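Protein chains in written order, with this note's numbering: chain A, 334 to 982; chain B, 213 to 438; chain C, 198 to 281; chain D, 198 to 281. Using N, Cα and C, we set each Cβ at its ideal position, and we do this for glycine too. Predicted, not measured: the structure shown is a model, and the values here were computed from it. Taking it in order: structure first as structure tokens, then the write-up.
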Amino acid sequence: MTATPRTNESVVAPAPVDRPDEVENPTPAATVAETAGESVTVDVTDAAISPYYDEGPDTVERAAGTPDEDQPFLELGLRDDEYARIRQILGRRPTQAELAMYSIMWSEHCSYKSSKVHLEQFKAKAPKSDRMLAGIGENAGVVQISDTLAVTFKAESHNHPSFVEPYQGAATGVGGIVRDILAMGARPIAVMDALRFGAADHPDTKRVLPGVVAGVGGYGNCLGLPNIGGEVVFDPCYQGNPLVNALSVGVLPVSRLQNKAAAGTGNVVILLGAKTGRDGIGGVSVLASATFESGSEGRRPSVQVGDPFMEKLLIESCLEVYDAGLIVGIQDLGGAGLTCALSETAAAAGTGMDIDLDLVPLREPSMEPHEILASESQERMLLIVEPSKVDSVLAVAAKWGVLATPLGTVTDTGRLVIKWRGRPVVDVPPGSLADDGPVYARPLREPADLILLNADRAETLPRPKTGDELRATVLRLAASPNLCDKTWVTEQYDRYVLGNTVLAQPEDSGVIRLDEESGLGIALSLDGNGRYARLDPYNGAKLALAEAYRNVAVTGATPVAVTDCLNFGSPEDPTVMWQFAEAVRGLADGCQELGIPVTGGNVSFYNQTGAAPINPTPVVGVLGVLSDVTKRVPMGFSADGDVLILLGQ
Amino acid sequence: MSMRIGVVTFPGSLDDRDAQRAVRIAGGEAVSLWHADADLHGVDGVVLPGGFSYGDYLRCGAIARFSAVMESVVKAAHDGMPVLGICNGFQILCEAHLLPGALTRNQHLHFRNRDQWLRIESTGTAWTAGFEAGQEILIPVKNGEGRYVADARTLDELEGEGRIVARYVRGNPNGSERDIAAVRNEAGNVVGIMPHPEHAVEALTGPSVDGLGFFTSVLAHLGAHA
Amino acid sequence: MARVVVDVMLKPEILDPQGQAVVGALPQLGIENVRSVRIGKHIEIEFDGEADLDRAREIADKLLANPVIEDFTLRVEELEEADR
Amino acid sequence: MARVVVDVMLKPEILDPQGQAVVGALPQLGIENVRSVRIGKHIEIEFDGEADLDRAREIADKLLANPVIEDFTLRVEELEEADR
Ligand SMILES: Nc1ncnc2c1ncn2[C@@H]1O[C@H](COP(=O)(O)OP(=O)(O)O)[C@@H](O)[C@H]1O
Chain A
334 MTATPRTNES
344 VVAPAPVDRP
354 DEVENPTPAA
364 TVAETAGESV
374 TVDVTDAAIS
384 PYYDEGPDTV
394 ERAAGTPDED
404 QPFLELGLRD
414 DEYARIRQIL
424 GRRPTQAELA
434 MYSIMWSEHC
444 SYKSSKVHLE
454 QFKAKAPKSD
464 RMLAGIGENA
474 GVVQISDTLA
484 VTFKAESHNH
494 PSFVEPYQGA
504 ATGVGGIVRD
514 ILAMGARPIA
524 VMDALRFGAA
534 DHPDTKRVLP
544 GVVAGVGGYG
554 NCLGLPNIGG
564 EVVFDPCYQG
574 NPLVNALSVG
584 VLPVSRLQNK
594 AAAGTGNVVI
604 LLGAKTGRDG
614 IGGVSVLASA
624 TFESGSEGRR
634 PSVQVGDPFM
644 EKLLIESCLE
654 VYDAGLIVGI
664 QDLGGAGLTC
674 ALSETAAAAG
684 TGMDIDLDLV
694 PLREPSMEPH
704 EILASESQER
714 MLLIVEPSKV
724 DSVLAVAAKW
734 GVLATPLGTV
744 TDTGRLVIKW
754 RGRPVVDVPP
764 GSLADDGPVY
774 ARPLREPADL
784 ILLNADRAET
794 LPRPKTGDEL
804 RATVLRLAAS
814 PNLCDKTWVT
824 EQYDRYVLGN
834 TVLAQPEDSG
844 VIRLDEESGL
854 GIALSLDGNG
864 RYARLDPYNG
874 AKLALAEAYR
884 NVAVTGATPV
894 AVTDCLNFGS
904 PEDPTVMWQF
914 AEAVRGLADG
924 CQELGIPVTG
934 GNVSFYNQTG
944 AAPINPTPVV
954 GVLGVLSDVT
964 KRVPMGFSAD
974 GDVLILLGQ
Chain B
213 MSMRIGVVTF
223 PGSLDDRDAQ
233 RAVRIAGGEA
243 VSLWHADADL
253 HGVDGVVLPG
263 GFSYGDYLRC
273 GAIARFSAVM
283 ESVVKAAHDG
293 MPVLGICNGF
303 QILCEAHLLP
313 GALTRNQHLH
323 FRNRDQWLRI
333 ESTGTAWTAG
343 FEAGQEILIP
353 VKNGEGRYVA
363 DARTLDELEG
373 EGRIVARYVR
383 GNPNGSERDI
393 AAVRNEAGNV
403 VGIMPHPEHA
413 VEALTGPSVD
423 GLGFFTSVLA
433 HLGAHA
Chain C
198 MARVVVDVML
208 KPEILDPQGQ
218 AVVGALPQLG
228 IENVRSVRIG
238 KHIEIEFDGE
248 ADLDRAREIA
258 DKLLANPVIE
268 DFTLRVEELE
278 EADR
Chain D
198 MARVVVDVML
208 KPEILDPQGQ
218 AVVGALPQLG
228 IENVRSVRIG
238 KHIEIEFDGE
248 ADLDRAREIA
258 DKLLANPVIE
268 DFTLRVEELE
278 EADR
């Protein structure tokens, strides 16, 4: 994982470092401005910032001439030293729009500043594999599975938005991960979802669970992607912080692999998809309040609302564009919107860009440059296109009824220059946003209660001794929320669409046929165990990996690659950071021992209620390959007289 | 010469490729039709597949009905061409008034996907002639708005004229009136069905291969009338 | 400026499970005096220029409501400048 | 008799895919002069006896509208005997 957002999870002002008690948990009653965030409450009204432009936008020129102007960098989650570094990079104070961009791209969420040093192990310990066409650092890992076909898959979290607005939070979580898959050149072919809720009988669970399930289903069903498995787990530790992890998988001809580099001076930068609105602008709204102290009502950032129909059209138009060989590069717009897509694509190619922000189609014409750049409006992609092919791209978009708008061109200046109303409001080296964010080796400390927790052995629990006791125990287990039938959830998901689902709920793995002739297919499983990881994060991560690996293997598939979604509390809490470090080490070691690489994934920090973090919850997805899906092994007994054999101890 | 069955793709159609596959497995030639193209390209029959045409945010099938292709489909249907609407396709046929009644929100308010038993009630259609009357079949149902409603007179008429093509048995998945899963027009060339026969054409991917009968029926019907 | 508001309701004889679900949930809020709840759609159409009632009726009739199961009503609503 | 009518609309800044889909379909009906369509819910609450505006507000607030993304308005509507 590089210094890039690996997720579309809402990006808001990151947590001010060293002030862990300010890390609050979103509550549904609070306003969205305060809650849509990854972690932190930014009270818009409290930001004591003077209105600092009276004659038009805060341009680059103006910034150079007013070096001493106060800027709300702390409110935006940037530390003193981070702000100083930005000034040093630019040789002046950042403009308002630039400040917004740095605060987003250097947030925990996008920069992986706390996790980066640990995640390196995934690369360092990865077994050599010539199947890997794209790995960590790309939108999603790509694994070659035959002479001509490759598969891409990835898991991602949408935890906090799903607590604020369960339906839309979960729906846009699915939409976001599907765009990652699409950006690699693949046709998305299935989704999975790993869910964690509080106690089954808690009122918050009653509010959150139906919405999340309906949202996962609503988006995936309408997009036409079969849901082939997942998890539903209840535990009080997730009461104020449910987890919504979504996985998507796609297939592509090897020759169709796409990348995000905005290469080629003079190439055209095209925005494809939905109009841009004030969705999920989050902490950056602090800048709006700086300029418009009154009347901020209508300026509040809003919850992202998914439009799966638009996403379906986006998928079809992108695939048509790929097949016709019309583009040089592509990137999805997720959590950090245009900011991330523009800076990452330029940084990846080592180029620059001239962008005209006035060309961005807006849902609300009054949007300011920093709002346009920070908007998390869904269902958008950024394309890099040779000038001679622009018309063809626009024609494909028109065929599918999707907006496509040239925004500017690729340059060889190495600067990302963004104009608004004719004047530059951004002029930065794109790599400074995308790759050169801060990196922290945060302090680690084993939780003090771990010894006690581990001393409380299962052997001390009373055991059923009589037949009746045993019967009562079995019934209690069968009826417990974590073990009971999950049909209420899985029935809300379409598992048949596309006609290639070989195994799905209630099987241990989902199996999808890729090739009707040869029977080539894949198996996928997504597993995690937060309770175990709480007791031993190193082995807990290994356990999740082993479970997913076994689930895939028992279908008859050969496991080939791993994705993960690492859900933890605040990285500023050394005990959480220790859990994280241990879990990553465990997963990396496990992968090394099993001989399969981690190809991508996602880190979600700040999952906590007040000072209480969730159980460390690494969720692991394993991809396997079946050379002939007709030979898959389902989990049910198939014939009378079958012999049962127990393997292992 | 194999019969050509057109499968319409609207923006938002999802089961179009599945319907094409079902046509092929049944031995027909699947022809892809595009919503904005009024030309039916000489097909012998048409399938309107499942999905969420135009997003179906307003009311399922409401917008698809106005597409260019539907004008031609309506005309061809009146001339006797076999037309099968599956799920969203059924909704579109009702919106286009080729079939009576309407499909409304499931009574339990959830999307529901399950393997569903049906009883074939009418074999006098182009799409069910190959079944036996009263035959029970197992095919997937998956919808959020699949509850069939019509006024009592229409329902009585449908019953009286034998135009209920299939009923849910062993449980009604969405609260449909009189357990109706599929209906037909008077002539029997147009059938709308809520569950998905195209998802039950291969033992590997479906709960059964019972759905194949709809596609083999129409091919046999066309062959006999060719 | 003006807009046309179209309210679409299920016909009285058609079951409204959504409305029923709300009625079913009311006792939990301690509310006992509600006889029925019916849920339909509220649609606001803004025109370029004048509110065009005839056009709106056509849209409602052909697209917004399904006459087999729904009725609709139509009205023009004057907007103040600052209104949404 | 009287009932309370609650209209629930998405907040103006929230994307309304439903309304957008309708706008997109209008050209097929030959209608070109519509600027925007927003779609919300229209809810009719009938009480035993008097229309109870406070109760209705509570129902709207807790059950009918999602305050994170929706606003609602409320009004009492007098009914004639024969009305639906
Ligand atoms: N959120 C979910 N989304 C999709 N499928 C799910 C979800 N939760 C559970 N499932 C599926 O339901 C089945 C039963 O789940 P579970 O009871 O957790 O079984 P197991 O313990 O074998 O994983 C599995 O096939 C699983 O993939």
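Going by C-alpha to C-alpha distance, which of the options sits closest to residue i?
i         : options                                    : result
ALA596(A) : ASN833(A), ARG464(A), GLN982(A), ILE717(A) : ILE717(A)
GLU344(B) : ILE237(B), VAL258(B), GLU333(B)            : GLU333(B)
MET438(A) : SER581(A), SER676(A), VAL844(A)            : SER676(A)
VAL403(B) : MET293(B), ALA234(B), VAL353(B)            : MET293(B)
HIS322(B) : GLU348(B), GLN347(B), LYS354(B)            : LYS354(B)
ARG233(B) : TRP246(B), HIS247(B), ILE217(B), ASN318(B) : ILE217(B)
GLY254(B) : CYS272(B), ARG236(B), ALA231(B), VAL281(B) : VAL281(B)
LEU226(C) : PHE269(D), VAL203(D), ALA253(D)            : ALA253(D)
GLN429(A) : LEU558(A), VAL835(A), VAL759(A)            : VAL759(A)
ALA547(A) : ASP724(A), ILE845(A), VAL507(A), VAL936(A) : VAL507(A)
Listing by chain order, which chain A residues have their CB less than 9 Å from the CB of residue i?
i         : result
GLY221(D) : GLY734
ILE203(D) : Note on residue identity: the sequence assigns Val, not Ile, to residue 203(D). In chain order: nothing, as chain A lies at least about 20 Å away.
HIS247(B) : Under the 9 Å cutoff, chain A gives no residues; its nearest Cβ is about 10 Å from HIS247(B).
Run through chain A and tell me which residues come within less than 7 Å of residue i, C-beta to C-beta.
i         : result
PRO352(B) : TYR829
HIS437(B) : Here the premise fails: no neighbours, minimum Cβ distance about 29 Å.
Going along chain D, which residues have a C-beta under 7 Å from residue i?
i         : result
GLY610(A) : GLU210, LEU212
PHE278(B) : ALA222, GLN225, LEU226
Could you check whether residue j and residue i sit closer than 8 Å to each other, using their CB atoms as the reference points?
i         : j         : result
GLY685(A) : ASP745(A) : yes
GLY301(B) : VAL361(B) : no
VAL966(A) : THR888(A) : yes
ALA523(A) : VAL582(A) : yes
GLY562(A) : THR896(A) : no
LYS752(A) : ASP689(A) : yes
LEU983(A) : ARG748(A) : Chain A is shown from 334 up to 982; residue 983(A) falls before or after that span and cannot be answered.
THR598(A) : MET434(A) : no
GLY425(B) : SER388(B) : no
If I follow the unbroken alpha helix (DSSP H) through residue i, where does it start and stop?
i         : result
CYS306(B) : 300–307
GLU414(B) : Here GLU414(B) belongs to no alpha helix (DSSP H), and DSSP marks it neither H nor E.
At which residues does the beta strand (DSSP E) containing residue i begin and terminate?
i         : result
GLY548(A) : That residue, GLY548(A), is in no beta strand (DSSP E); its alpha helix (DSSP H) goes 536–556.
GLN477(A) : 474–477
THR932(A) : 931–937
SER588(A) : It is not in any beta strand (DSSP E) - SER588(A) carries neither H nor E in the DSSP assignment.
GLY372(B) : Looking at the DSSP string, GLY372(B) is not in any beta strand (DSSP E); the run it does join, the alpha helix (DSSP H), is 364–372.
SER214(B) : Neither: SER214(B) is in no beta strand (DSSP E) and is coded neither H nor E.
In chain A, which residues lie less than 8 Å from residue i when you measure between Cβ atoms?
i         : result
THR417(B) : TYR829, GLY832, ASN833, THR834, VAL835, ARG846
Taking residue i as the query, report the chain D residues whose CB atoms sit under 9 Å from its CB, ordered along the chain.
i         : result
GLU274(C) : Per Cβ cutoff of 9 Å: no residues; GLU274(C) is ~11 Å from chain D at best.
Name, please, each residue of chain B whose Cβ falls closer than 9 Å to the Cβ of residue i.
i         : result
LEU261(C) : LEU270, ARG271, ALA274
Cβ closer than 9 Å: which chain C residues qualify as neighbours of residue i?
i         : result
GLU243(D) : VAL231, ARG232, SER233, VAL234, ARG235
For residue i, return the contacting residues in chain D, with the cut-off set at a CB-CB distance below 8 Å.
i         : result
TYR266(B) : ALA218, GLY221, ALA222
VAL693(A) : None at all; the shortest Cβ gap to chain D is about 15 Å.
What does residue i touch in chain B if you count any residue whose Cβ is under 7 Å from its own?
i         : result
ILE266(C) : ALA314, THR316, VAL361
Does the pairing of the segment 239–250 of chain D with the segment 226–238 of chain C give three or more beta-carbon distances under 8 Å?
The segment 239–250 of chain D is in contact with the segment 226–238 of chain C.
The segment 647–664 of chain A / the segment 578–593 of chain A touching (three or more Cβ pairs under 8 Å):
yes
Is it the case that the segment 665–673 of chain A contacts the segment 701–709 of chain A, given that we only count it when at least three CB pairs across the two stretches are under 8 Å?
The segment 701–709 of chain A, when compared against the segment 665–673 of chain A, does touch it at the 8 Å Cβ threshold.
Spell out a yes or no on whether the segment 214–232 of chain B and the segment 943–957 of chain A are touching, meaning 3 or more CB-CB pairs, one atom from each, closer than 8 Å.
no
Decide if the segment 409–424 of chain B is in contact with the segment 828–839 of chain A; the criterion is three or more beta carbon pairs, one per stretch, under 8 Å apart.
yes
Is the segment 456–465 of chain A in contact with the segment 927–942 of chain A, if contact means three or more CB pairs nearer than 8 Å?
yes
If contact is defined by three or more beta carbon pairs under 8 Å, each pair taking one atom from either stretch, is the segment 564–571 of chain A in contact with the segment 814–821 of chain A?
Contact between the segment 814–821 of chain A and the segment 564–571 of chain A is present, because at least three Cβ pairs lie under 8 Å.
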